[in-house]
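Asks: Following this message is one structure expressed as structure tokens.
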Amino acid sequence: MLKFLLLSALIALGKNHLFYSKVFLSVTLSVHIVTSIGLILVNFFQVHNSFQIVPVMTVFWFPPVLAEQNVKPQYMEAFQDRVVGGSVAKPHAWPWQISLQYQFIFWYYHTCGGSLVRRGWVMTAAHCVTTPKVWRVVLGAQDITVNEPTQQVVGVTNTYIHPNWDPNNVTNGYDIALLRLSSDVTLNSYVQLASLPKPGQILPNNNPCYITGWGSTQTGGPLSDVLKQAYLPVRNYETCSRGDWWGSIVKKTMVCAGGASNSGCNGDSGGPLNCQVKGRYYVHGVTSFGSSLGCNTLRKPTVFTRVSAYIGWMEGVSTCRLLLANHRESLFARTNENCLSQNKCTFRTGGVGGTVFLVSVYQAEGLWCDSPSSPTTLIKV
């Protein structure tokens, strides 16, 4: 005999949630065959970037095996439940973690996570910043509902989304974006830069990682005010792409973590997957999507954008991208200086006829060296 347990979850309009003047309601029903004790979960969640509040009803069952019919990926921002089953993080243990917040009337609301990759730059998920809004970044925060003395609050002047990202295709990949901050942050014991992996680096199966974010302590529970963490080991591509896991949905430019159905799961969209390599933590993933069946479903691990697959793109964005009209050529030069936090780039480059110039850049057609206007100077060396 089939037995069902109906759990109703109400929309939480707490300190970290927002009711909107424009509300569109829709219902998605995903029904799975039930062969043992079943569970009907009514899970209400908010989609911040599209100004929607969407109730989702999912019918699924637990042991022995999850039904595989109509399992759909969803961006993690769609889930009300974020780091479920995790624990409160030690204050400032993840000093590159940021809270991405948007303005509504006079207030700001947390919507996504991210990682500080340069003093003036943040890495997050592309789907977090699709809709133009007034953004700000909060760094050095443990409790995002109070003004802590360790916090730094900085505006966002520009967003740079990967050009191949498709907002209508969750599994297309390229779910990564860079945010230009209005000013450089101050690095200290509470705010630090994330360490990024080497280009193309692939982690082995079961590599230890932690997902971090501001989320609920249990399914359907209220969001946590304080930063949380949950242990999620890596699942390699060979495992994650199996037919009874994510199959062809997962790409080699992604990282899977979790999927054991017995521990924490969903972090904030755009937040980091912090993985330990040789005793040091590197941000190997940007939180992207998970299963429509819910948090850390068996064989449906959380899926992240693999950072090591996009180092080249980020370096390209970070290049002093010049258009030297007098030479009628574009130069894409990598500098030895930290152009990300300075208003001047100096580098050697080949000029016309093989002449080597020392170029000091003040006016760039670039993204990361967007300094005050001043003539570009060429000095023959």
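Counting along the sequence shown from 1, when you hit position 95 you're at 95 in full-length UniProt numbering, and nothing is skipped either side.
A virtual CB, placed ideally from N, CA and C, is assigned to each residue, including glycine.
Owing to the predicted nature of the structure, the values given are computational and were not obtained by experimental measurement.
Look up residue 176 in the DSSP assignment and say whether it is helix, strand or coil.
Replies: Start at 1 with the first residue of the sequence shown, and residue 176 comes out as number 176. In this structure, residue 176 counts as coil in the three-state DSSP scheme.
Asks: By a C-beta neighbour count over all protein chains shown, 10 Å radius and 16 as the cutoff for buried, is residue 186 buried or exposed?
Replies: For the purposes of this step, residue 186 is identified with residue 186 of the sequence shown, where counting begins at 1. Per the 10 Å Cβ criterion, exposed.
Asks: How about residue 303 and residue 288: are their beta carbons less than 8 Å apart?
Replies: On the sequence shown, position 303 is the one that residue 303 refers to. On the sequence shown, position 288 is the one that residue 288 refers to. Against a cut-off of 8 Å, the Cβ pair of residue 288 and residue 303 comes out as a contact.
Asks: For residue 285 and residue 250, which I take to be in contact (beta-carbon distance under 8 Å), what is that distance rounded to the nearest angstrom?
Replies: Indexing the sequence shown from 1 puts residue 285 at position 285. Indexing the sequence shown from 1 puts residue 250 at position 250. With a Cβ gap of about 12 Å, residue 285 and residue 250 do not count as contacting.
Asks: Output needed for residue 192: all residues of its chain with C-beta closer than 6 Å, excluding positions within five of it in sequence on either side, in chain order.
Replies: Stepping through the sequence shown from its first residue, residue 192 is reached at position 192. Taken in chain order, the residues that qualify are 95, 96.
Asks: Return the residue from the list 202, 150, 196 that minimises the CA-CA distance to residue 315.
Replies: Taking the first residue of the sequence shown as position 1, residue 315 is located at position 315. Of the candidates 202, 150, 196, the one whose C-alpha sits nearest the C-alpha of residue 315 is 196.
Asks: Determine the burial state of residue 301: buried for a count of at least 16 other Cβ atoms within 10 Å of its Cβ, exposed for fewer.
Replies: The sequence position of residue 301 within the sequence shown is 301, counting from 1. Buried, by the Cβ-count rule.
Asks: Quick check: residue 269 and residue 127, are their CB atoms within less than 8 Å of each other?
Replies: Locating residue 269 in the sequence shown gives position 269, counting from the first residue. Locating residue 127 in the sequence shown gives position 127, counting from the first residue. Going by C-beta atoms, residue 269 is nearer than 8 Å to residue 127.
Asks: How long is the line joining the alpha carbons of residue 114 and residue 198, rounded to whole angstroms?
Replies: Here residue 114 corresponds to residue number 114 of the sequence shown, with the count starting at 1. Here residue 198 corresponds to residue number 198 of the sequence shown, with the count starting at 1. Those two C-alpha atoms are separated by around 19 Å.
Asks: What do you reckon, are the CB atoms on residue 231 and residue 274 nearer than 8 Å?
Replies: Reading the sequence shown from its first residue, position 231 is the one you call residue 231. Reading the sequence shown from its first residue, position 274 is the one you call residue 274. Not closer than 8 Å, so no.
Asks: Who are the near neighbours of residue 201 in its chain, counting only those whose CB is closer than 7 Å to its CB and skipping five residues on each side?
Replies: On the sequence shown, position 201 is the one that residue 201 refers to. Here the set comprises 308.
Asks: Please state if the CB of residue 112 and the CB of residue 124 are separated by a distance shorter than 8 Å.
Replies: Position 124 of the sequence shown, counted from the first residue, corresponds to residue 124. Position 112 of the sequence shown, counted from the first residue, corresponds to residue 112. Yes, these two residues count as a Cβ contact at 8 Å.
Asks: Taking the straight line between their C-alpha atoms, what separation do you get for residue 225 and residue 104?
Replies: Against the sequence shown, residue 225 aligns to sequence position 225. Against the sequence shown, residue 104 aligns to sequence position 104. Approximately 19 Å between the Cα atoms of the pair.
Asks: Rounded to whole angstroms, what is the Cα-Cα separation between residue 87 and residue 229?
Replies: By one-based count along the sequence shown, residue 87 stands at place 87. By one-based count along the sequence shown, residue 229 stands at place 229. Cα to Cα, the separation comes out at about 6 Å.
Asks: Between the Cα of residue 154 and the Cα atoms of 179, 305, 298, which residue gives the shortest distance?
Replies: On the sequence shown, residue 154 is found 154 positions in, with the first residue counted as 1. Residue 179 is the option with its Cα nearest to residue 154.
Asks: Can you tell me which of 169, 246, 101, 236 puts its alpha carbon nearest to the alpha carbon of residue 208?
Replies: What you label residue 208 is simply residue 208 of the sequence shown in a count that begins at 1. Closest option to residue 208, Cα to Cα, is 236.
Asks: Using a Cβ-Cβ cut-off of 7 Å (strictly less than) and excluding sequence neighbours within five positions of residue 247, which residues of its own chain qualify?
Replies: In the sequence shown, residue 247 corresponds to position 247, counting from 1. Here the set comprises 241.
Asks: Report the residue from 189, 227, 151, 239 whose alpha carbon sits nearest the alpha carbon of residue 206.
Replies: Here residue 206 corresponds to residue number 206 of the sequence shown, with the count starting at 1. Answer by Cα proximity: 239.
Asks: On the criterion of 16 or more Cβ atoms from any shown chain inside 10 Å, does residue 280 qualify as buried, or is it exposed?
Replies: Against the sequence shown, residue 280 aligns to sequence position 280. Per the 10 Å Cβ criterion, exposed.
Asks: Using the C-alpha atoms, what's the distance from residue 150 back to residue 141?
Replies: In the sequence shown, the residue the question calls residue 141 occupies position 141. In the sequence shown, the residue the question calls residue 150 occupies position 150. Each residue's alpha carbon lies about 7 Å from the other.
Asks: Following the continuous alpha helix (DSSP H) through residue 131, name the residue where it begins and the one where it ends.
Replies: In the sequence shown, residue 131 corresponds to position 131, counting from 1. Residue 131 -> no alpha helix (DSSP H), and no H or E assigned at all.
Asks: For residue 174, I'd like the list of residues in its chain whose CB is within less than 6 Å of its CB, leaving aside the five on either flank, ordered along the chain.
Replies: Reading the sequence shown from its first residue, position 174 is the one you call residue 174. So the qualifying residues of the chain are 162, 164, 165.
Asks: Could you have a look at residue 111 and say whether DSSP puts it in helix, strand or coil?
Replies: Numbered from 1 along the sequence shown, position 111 holds the residue referred to as residue 111. Residue 111 falls in the strand class under three-state DSSP.
Asks: Where does the unbroken alpha helix (DSSP H) through residue 281 begin, and where does it stop?
Replies: By one-based count along the sequence shown, residue 281 stands at place 281. Element bounds for residue 281: not the alpha helix (DSSP H) but the beta strand (DSSP E), 280 to 291.
Asks: Taking the CB atoms as reference points, tell me whether residue 116 and residue 144 lie closer together than 8 Å.
Replies: Position 116 of the sequence shown, counted from the start, is the residue given in the question as residue 116. Position 144 of the sequence shown, counted from the start, is the residue given in the question as residue 144. No, they are not a contact pair.
Asks: If I measure Cβ to Cβ from residue 194 and keep anything under 8 Å in the same chain, skipping five residues before and after, which residues do I get?
Replies: Reading the sequence shown from its first residue, position 194 is the one you call residue 194. Here the set comprises 96, 115, 116, 117, 123, 272, 282, 283.
Asks: What three-state label does DSSP hand residue 237 in the structure shown?
Replies: Against the sequence shown, residue 237 aligns to sequence position 237. In the structure shown, residue 237 sits in a helix (DSSP, three-state: H, G or I).
Asks: Rounded to the nearest angstrom, what separates residue 148 and residue 253 at their Cα positions?
Replies: For the purposes of this step, residue 148 is taken as the residue at position 148 of the sequence shown. For the purposes of this step, residue 253 is taken as the residue at position 253 of the sequence shown. Computed Cα separation, rounded: 37 Å.
Asks: Count the other CB atoms, across all protein chains shown, that sit within 10 Å of the CB of residue 204; report buried if there are 16 or more and exposed otherwise.
Replies: For this step, residue 204 is matched to residue 204 along the sequence shown. Classification of residue 204: exposed, given that the 10 Å Cβ count is below 16.
Asks: When you compare the CB positions of residue 138 and residue 101, do they come within less than 8 Å of one another, or not?
Replies: Along the sequence shown, one-based indexing puts residue 138 at 138. Along the sequence shown, one-based indexing puts residue 101 at 101. Their beta carbons are under 8 Å apart, which means residue 138 touches residue 101 by this criterion.
Asks: Start and end of the beta strand (DSSP E) containing residue 258?
Replies: Counting from 1 along the sequence shown, the entry for residue 258 is found at position 258. Note, residue 258: premise wrong, no beta strand (DSSP E); not H, not E.
Asks: Does the Cβ of residue 243 have 16 or more other Cβ atoms within 10 Å, making it buried, or fewer, making it exposed?
Replies: Locating residue 243 in the sequence shown gives position 243, counting from the first residue. Classification of residue 243: exposed, given that the 10 Å Cβ count is below 16.
Asks: Leaving out five residues before and five after residue 190 in sequence, what residues of the same chain have Cβ atoms less than 7 Å from its Cβ?
Replies: As a working mapping, residue 190 is identified with position 190 in the sequence shown. Excluding residues within five positions, the ones whose Cβ falls inside 7 Å are 92, 95, 140, 150.
Asks: Considering only residues of the same chain and omitting the five flanking positions on each side of residue 146, which have a CB-CB separation below 7 Å?
Replies: Translated into positions along the sequence shown, residue 146 becomes position 146. Once the five neighbours on either side are set aside, residue 146 has no close Cβ partner at all.
Asks: In angstroms with no decimal places, state the Cα-to-Cα distance between residue 171 and residue 276.
Replies: Within the sequence shown, residue 171 is the residue found at index 171, counting from 1. Within the sequence shown, residue 276 is the residue found at index 276, counting from 1. Rounded to the nearest angstrom, the two C-alpha atoms are 26 Å apart.
Asks: Quick one: give me the first and last residue of the beta strand (DSSP E) that residue 93 is part of.
Replies: As a first step, residue 93 must be located in the sequence shown, where it is residue number 93. First-last for residue 93: undefined, no H or E at that position.
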